[in-house]
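Quick note: the sequence shown uses the UniProt record's numbering, first residue 1, plus one each step. Everything on this sheet refers to the single structure shown next.
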Amino acid sequence: MSSTTTTSTIQNIKENARPSISTHRLLYRGSLALPDSEMILDGLAFVMEIAFKSPMSLINSPIPLGLESMRGRPLRLVAVINISDITLECFGDVSMYIHPDAFLTRSFFERTLCSDTPLIPDANNMRTRMAVRIGLGDGQGPDDSDILVFGQLDTSTLPNESPPTLQLLAGRIAPPPVPSSPPRRIPRPDDPLPRANPLVNLHLSPGRRGLKRKRSSGTNPFATDHATAIALAGSKAQKGDGMAASALLAALAEAQAEEEKKRKSGKVVVGDGEPISKGLTRRPLLRVTSSKGPGADKSKGQRLDTDGFVVPGLPARTNSLKGKDVDPGQANGTESELETKNKNAIKKRTLAALEACGISKSHSQFKDMYGSINSGVKFAVRNIIRDTHVDRDLIVKLVETHLEMYFGGRGGKYNLHEKDAPSQTEEATATNAGPNTTADYTTAPPPAA
1 MSSTTTTSTI QNIKENARPS ISTHRLLYRG SLALPDSEMI LDGLAFVMEI
51 AFKSPMSLIN SPIPLGLESM RGRPLRLVAV INISDITLEC FGDVSMYIHP
101 DAFLTRSFFE RTLCSDTPLI PDANNMRTRM AVRIGLGDGQ GPDDSDILVF
151 GQLDTSTLPN ESPPTLQLLA GRIAPPPVPS SPPRRIPRPD DPLPRANPLV
201 NLHLSPGRRG LKRKRSSGTN PFATDHATAI ALAGSKAQKG DGMAASALLA
251 ALAEAQAEEE KKRKSGKVVV GDGEPISKGL TRRPLLRVTS SKGPGADKSK
301 GQRLDTDGFV VPGLPARTNS LKGKDVDPGQ ANGTESELET KNKNAIKKRT
351 LAALEACGIS KSHSQFKDMY GSINSGVKFA VRNIIRDTHV DRDLIVKLVE
401 THLEMYFGGR GGKYNLHEKD APSQTEEATA TNAGPNTTAD YTTAPPPAA
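Laid out in structure tokens, this is it:
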């Protein structure tokens, strides 16, 4: 079929058409834009044959509507695909025609569709294996709006005509068919009824474990909620879940009523170790003490309730400060008057020493030095600060010792008591300043490091 050509034109269709039976509608006339190229294939026209008595409507046909919406814009060539295993869906008889003067367009479709590949049968017609996929729109929409242009052997061509003529038709890829579920079998009158599980009817309540037994407040360990049992028996009997369930619930309700009657009559006496009836005594609570530890409470531990379940005791109360040396006075949260006086004395002496060295509260290192000196002195007298009056000379000595270590940031290089042996720089300064000037670091700060 290498010599097959597409010679169908609009003029030939008009000559063979019967206006009294059908009419034709021009859907689109324009060109086809090639991908990644500025070249276009012009001279295309899509026409739909509409029969007067056909139920096919243009409103319900997506291909005609899509082509009419593209008027004035070129169509978009997507690809050339093989449709031998694809189900095509055609809405009406939408044909494509090529103008006789559009040589480039005719050559493209003849080379693509009229190749040496044989035609494949399609119902009563023969169609090509290859098809041209054309996109409607700018390519941003879904792919289901694309159409396929394929060749079909023209039925109006005579059998002995050579070469045969192909009619170009437009369709689209049909969605895959949904697998149909087998039809539901209607039950017959002679079908056996489904058997219910007999164990389901023996459940005492809708719960997963049956009737829940409430723990008594300390009287009869065998007592249950009598009203709940009677209500369940009535509800089960009304629902008709089975004779076995009704009989079992009735027996349970009768046993509970008898137990309640004995308890009210005084025959059942429950106490700590007192007999309930002849040969029956109440089971006492068993207490299991927990392992002894430094923070464990001896009076609290695990115990066994009347049902035999282990009930853990409350955790032992422990101090929040573990591993720390907590004094009795501090543990109670109170501070003695003597301790307050000692702390105030340390605080005042620390502030006085810092001010004497020129470190006021606005200094950048005041907070760090004050905290270090104050905490260090308190820690040095921690064993006597609560019950003994700390000597003032001891406080002064400790404050000056800490100040010597922290002042200057060199580990005590500046000695605050070097009044008798001043350095060469200090001697020169004292000589220039006059006879009344002394290098006393307790009243004036030393030179900056």
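Heads up, the beta-carbon is just placed ideally off N, CA and C, and yes, glycines get one too.
Among residues of its own chain, excluding the 5 on either side of residue i, which ones have a beta-carbon nearer than 7 Å to its beta-carbon?
i, result
"ASP42", "SER31, ALA102 and THR105"
"ARG108", "Rather than Arg, the amino acid found at residue 108 in this sequence is Phe. Around PHE108: LEU41."
"residue 450", "The chain is shown only over 1 to 449; residue 450 falls outside these bounds and no answer can be derived."
"VAL396", "ARG349"
"TYR370", "THR350 and LEU354"
"PRO176", "none"
"PRO35", "LEU77"
"PRO70", "According to the sequence displayed, residue 70 carries Met and not Pro. Around MET70: TYR28 and LEU136."
"ASP393", "none"
Quick one: what's got a C-beta closer than 6 Å to residue i's C-beta in the same chain, skipping five residues either side?
i, result
"ILE83", "ALA131"
"PHE366", "ILE359"
"ALA353", "VAL399 and LEU403"
"GLU259", "none"
"LYS261", "none"
"LEU182", "A small fix is needed here, since residue 182 is Pro in this sequence, not Leu. None."
"THR388", "none"
"HIS99", "GLY43"
"SER265", "none"
Let's test the definition: count the other Cβ atoms within 10 Å of the Cβ of residue i and tell me whether it reaches 16, buried, or not, exposed.
i, result
"PHE379", "exposed"
"GLY411", "exposed"
"VAL149", "buried"
"ARG195", "exposed"
"SER364", "exposed"
"ARG188", "exposed"
"LEU193", "exposed"
"VAL269", "Interpretation of VAL269 is limited by its pLDDT of 48, a score under 50 that renders its predicted location unreliable; the figure taken from the coordinates is listed afterwards. Under this definition VAL269 is an exposed residue."
"MET39", "exposed"
"PRO275", "In this prediction, PRO275 scores a pLDDT of 46, lower than 50, which makes its location untrustworthy; no coordinate-derived value is stated."
"SER95", "buried"
"ALA247", "exposed"
"VAL47", "buried"
"residue 459", "Residue 459 lies beyond the residue range present for the chain, which begins at 1 and ends at 449; the question has no answer from this structure."
"LEU166", "buried"
"ALA253", "buried"
"LYS324", "Model confidence at LYS324 stands at a pLDDT of 47, short of 50, so the residue's coordinates are unreliable; what they give is reported in the following sentence. Exposed."
Would you please state the rounded distance, in angstroms, between the beta carbons of residue i and residue j? I believe it to be under 8 Å.
i, j, result
"GLU337", "ARG386", "Incorrect: roughly 10 Å between the Cβ atoms, too far for contact."
"GLY151", "ARG76", "Rounded, the Cβ-Cβ distance is 20 Å, inconsistent with contact."
"LEU67", "TYR28", "4 Å"
"PRO74", "ALA45", "That pair is no contact at about 13 Å."
Keeping to the same chain, check which residues put their C-beta closer than 8 Å to that of residue i; ignore five residues upstream and five downstream.
i, result
"VAL80", "THR112, MET130, ALA131, VAL132 and ARG133"
"VAL390", "ASN342, ALA345, ILE346, VAL381 and ILE384"
"GLY72", "GLY30"
"ILE120", "SER84, MET126, ARG127, THR128 and ARG129"
"ASP146", "VAL78, ARG133, ILE134, GLY135, LEU136, ARG172 and ILE173"
"ARG185", "none"
Indicate, with yes or no, if the ligand MG has a heavy atom lying under 6 Å from the CB of residue i.
i, result
"ASP36", "The ligand MG is not part of this structure, which contains no ligands at all."
**Asked** Hey, is the region 351-363 in contact with the region 397-407, meaning 3+ C-beta pairs nearer than 8 Å?
**Response** The answer is yes - the region 397-407 touches the region 351-363, with three or more Cβ pairs under 8 Å.
**Prompt:** Below 8 Å, can you find three or more Cβ-Cβ pairs linking the region 342-353 to the region 374-387?
**Reply:** Counting Cβ pairs under 8 Å, three or more are found: they touch.
**Prompt:** Counting pairs of Cβ atoms below 8 Å between the region 60-68 and the region 163-178, do you hit three or more?
**Reply:** Enough Cβ pairs lie closer than 8 Å, so yes.
**Message:** I'd like the ranges of any beta strand (DSSP E) spanning at least 3 consecutive residues and lying wholly in the region 21-92.
**Reply:** Taking only runs of at least 3 residues, the beta strand (DSSP E) segments lying wholly in the region 21-92 are 22-33, 40-51 and 75-82.
**Prompt:** Which ranges would you report for the alpha helix (DSSP H) in the UniProt domain "Sld7 C-terminal" (339-406) if only whole runs of at least 4 residues count?
**Reply:** 366-380 and 392-406, all fully within the UniProt domain "Sld7 C-terminal" (339-406).
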